[in-house]
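I have placed the structure first, in the form of structure tokens, so that the comments after it can refer back to it.
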Amino acid sequence: MASLLPFVMLCLFLSVISTAAALRPMLPFFRHNLHRQHEKMFIADDNDQTVLNCSSDPNIEEKWFTQKLDQFAANDQKTYGQRYYVNWKFYDKNASQPPVFLMIGGEGEMSIRWSCWENYTYMQLAKENKAIVVQLEHRFFGLNKDMPDLSTPNLVHLTSEQALADIAAFIPAFNAQYNLTNPRWVAFGGSYPGSLAAWLRVKYPNITVGNVASSAPLWPKVNFWEYSDVMERTINDTSVDCYKNVGQSFKDLKALTYTKEGRDRLNEIFKLEPKLEANSDDITTLFGYVFGAFQGIIQYTYDARNTANLNGLNIMNACKMMNDDKSGTLDLVQRLASVADWDAKKEDPDNYNPKVDVSYVDNLKPFLNTSLAAPGASMRGWMWLSCNEFGWLQTTDKGNSLFGDILSLGSFMKLCIDLFGPPMTNSYIEQQVAKARDTFGTSWTYNATNVILPNGAFDPWSALGTTTSNPDGHQIAITTPGAAHCSDMYPAYKDEPVKLAETRKRVREEVNYYLNASYVPEQPGQNNGAMFSGPFLPQSLLMFVTIALFVMF
């Protein structure tokens, strides 16, 4: 079953999550993460021989690093094994200052493809600069070892500050482990990992020479109504008729939910199973399903993210469907259903099912499972980061929205509370996001050196990205017309947005500047107690391990 949850975010990094049920559940939450999991988001052609050979490539190693569970508690020695890949293919052993390119992991299991496939932008740069390529998994996601489960008390250790401190502990320990002299680290990330790449330049500016932060949201904000605002502009820029039809179709959709006859019609049009009744949570879930289809289409429109996008999953073709009046029986709500169904088929053809489950209870259930091995584990972790730290709740609350008031802030707050229980309350969520804002600032106060921050004008996440540049300090913000989420990270393709090549060129220029600029690096070996391993070290050995932390605020 494919879970298409149209709520938050970013990146990163999102796939359709498979579960054991037969129907397609749709929850109004976290559209970002659905397409953000690495196996689907930053995906290469499945038939590419290089990708097929990744796991047997002798240049690539999968290892684990012994990391503190709480980076900020001196007396707490609990540890976990943080997974990483390292690719030595391009490495010049004779280099006096070897470049090391770090791809920061995000809210999903990292894929070896991002350490292997040479068509990604950063892999091309690694080849040009003879860089070691490292990919580091995010705590509480993927195949890290000895990590506690995702129950609410344990999730106190799932924060972006802990993730940044993990990186700050990992880099000097890696340098010492592999005897690297004056290495020049450049960190890359897209979406939420892009945020981490940007904030790393603020919190720990001495461990990298510069970073690339693609489509990075930098404004912790509870009510992210601006997401739908960018969606509106993208639809209008694509087709004025489409804009009108989308607006009217959502009005018609909402009107049909008011009566039994209308709901019966929706059950037929959308193939709902179980049938939609007069239940406000289920009705909101239906709204989220339809809105979420447009979220996914627009967020990745014209990206070279995967074959679905390259083969036409974009807003132009969605608008053609919304404007299709050749059949007199095809009313606007039917067109909405056709777009949502088309999106589901394109995104996950292997798990596609024409029937749709909009039961709120059914949709919530997979994400109440706290096991790290559960199919919904990555989604639950991302939901925690959103509810507990960033907000980024993608409502239609801006007032006079094209989509109407179908997704309220209250519906998202309820979902946070239902998922995690205490301490979640409306006021708690507001307070936590305010703390994150105090820690990281906003998109307009962001200030760092040696960081390039590309965004796409069609990407709804660009509303939380910075447009502030400081050329003297090499803080460079770029917005690419017609491009979408993390578009600069993917391979070039025919008919891509015309300015995208210029953006990639500027990224290349900045990375070259970072690698060649005068720099006095932090000396390796300051994290000498940290331990790297192939198989994770047994707990009995960890009493001898001391991990020095490099926490620089």
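Residues -22 to -1, 1 to 531 (mature numbering (1 follows the signal peptide of the UniProt record, and there is no 0)) make up the sequence shown, in order. Note that CB positions come from ideal geometry on N, CA and C, so glycine has one too.
Around the beta carbon of Lys413, a 10 Å sphere encloses fewer than 16 other beta carbons of the protein chains shown; the residue is thus reported as exposed.
Every alpha helix (DSSP H) of 4 residues or more that sits fully in the region 361 to 428 is shown, in chain order, as 387 to 398 and 404 to 418. DSSP, read as helix, strand or coil, puts Glu40 in strand. Shortest Cα-Cα distance from Thr458 to any of Thr445, Val180, Pro469 and Met101 involves Thr445. Of all alpha-carbon atoms in Thr285, Leu314 and Leu288, the one lying nearest the alpha-carbon of Met299 is that of Leu314. Uninterrupted alpha helix (DSSP H) stretches at least 4 residues long and entirely within the region 179 to 244 occur at 204 to 216 and 218 to 234, given in chain order.
DSSP places Val311 in no beta strand (DSSP E) but in the uninterrupted alpha helix (DSSP H) bounded by Leu310 to Glu325. Ser386 and Ile275 have their C-alpha atoms roughly 21 Å apart. In this structure Met101 is buried. Its beta-carbon is surrounded by 16 or more other beta-carbon atoms within 10 angstroms. Tyr278 counts as buried, since at least 16 other C-beta atoms from the protein chains shown sit within 10 angstroms of its C-beta. In the DSSP secondary-structure assignment, Gly354 is not bridged to any residue. Nearest to Thr216 by alpha-carbon distance, out of Asn201, Thr423, Cys297 and Ala151, is Cys297. The residues Ala191, Ser192, Ser193 and Ala194, in chain order, have a CB closer than 6 Å to that of Gly172 in the same chain once the five nearest residues on each side in sequence are set aside. Counted as a single uninterrupted DSSP element, the stretch harbouring Ala455 is not any alpha helix (DSSP H) but the beta strand (DSSP E) occupying residues Gln453 to Thr458. Within the DSSP bridge table, the entry for Pro432 names Ile456 as partners. The beta carbon of Lys323 sits closer than 8 Å to those of Tyr330, all from its chain and outside the five residues before and after it, given in chain order. If you ignore the 5 residues before and after Leu234, its C-beta comes within less than 8 Å of the C-beta of Gly240, Arg241, Arg243, Leu244 and Val311, all in its own chain and listed in chain order.
For Asp35, the CB contacts under 8 Å within the same chain, skipping 5 residues up- and downstream, are Asn65, Lys67 and Cys94 in chain order.
Straight-line measurement puts the Cα of Asn160 at about 53 Å from the Cα of Val317. The DSSP assignment places 38 to 46, 57 to 65 and 77 to 82 as complete runs of the beta strand (DSSP E) inside the region 33 to 103, in order along the chain (cut-off: 3 residues).
For the 8 Å CB-CB criterion, Ser364 and Glu87 do not form a contact. With contacts defined as CB atoms closer than 8 Å, Tyr492 and Asn433 fail to qualify as a contacting pair. Less than 8 Å separates the beta-carbon of Leu158 from that of Pro76.
The count of Cβ pairs closer than 8 Å, one atom from the region 370 to 377 and one from the region 198 to 215, reaches three, so the stretches are in contact.
Between the region 338 to 352 and the region 283 to 295, the count of C-beta pairs closer than 8 Å stays below three; the two stretches do not touch. Beta-bridge annotation (DSSP): Ile110 is paired with Val78. Membership of Arg486 in the alpha helix (DSSP H) is indicated by the continuous run Leu478 to Asn494. Looking only at Ala154, Phe118 and Phe79, the smallest Cα-Cα distance to Gly359 is reached by Phe118.
Remark: C-beta atoms of Gln140 and Gln49 approach each other more closely than 8 Å. Our two residues, Asn301 and Pro475, have alpha carbons roughly 23 Å apart in a direct line.
Residue state for Phe118 is assigned as coil, using DSSP reduced to three classes.
Taking a C-beta distance under 8 Å as the contact criterion, Ala441 and Val187 do not qualify as a contact pair. Ala147 and Gln45 have their alpha carbons spaced roughly 8 Å apart.
Between the C-alpha atoms of Asn448 and Ile454 there is a straight-line separation of about 6 Å.
Look at Leu158 here: in three-state DSSP terms it is coil, with no helix or strand label. For Tyr221, same chain residues with a beta-carbon under 8 Å away, outside a window of 5 residues either side, are Glu210, Ile213, Asn214 and Leu380 in chain order.
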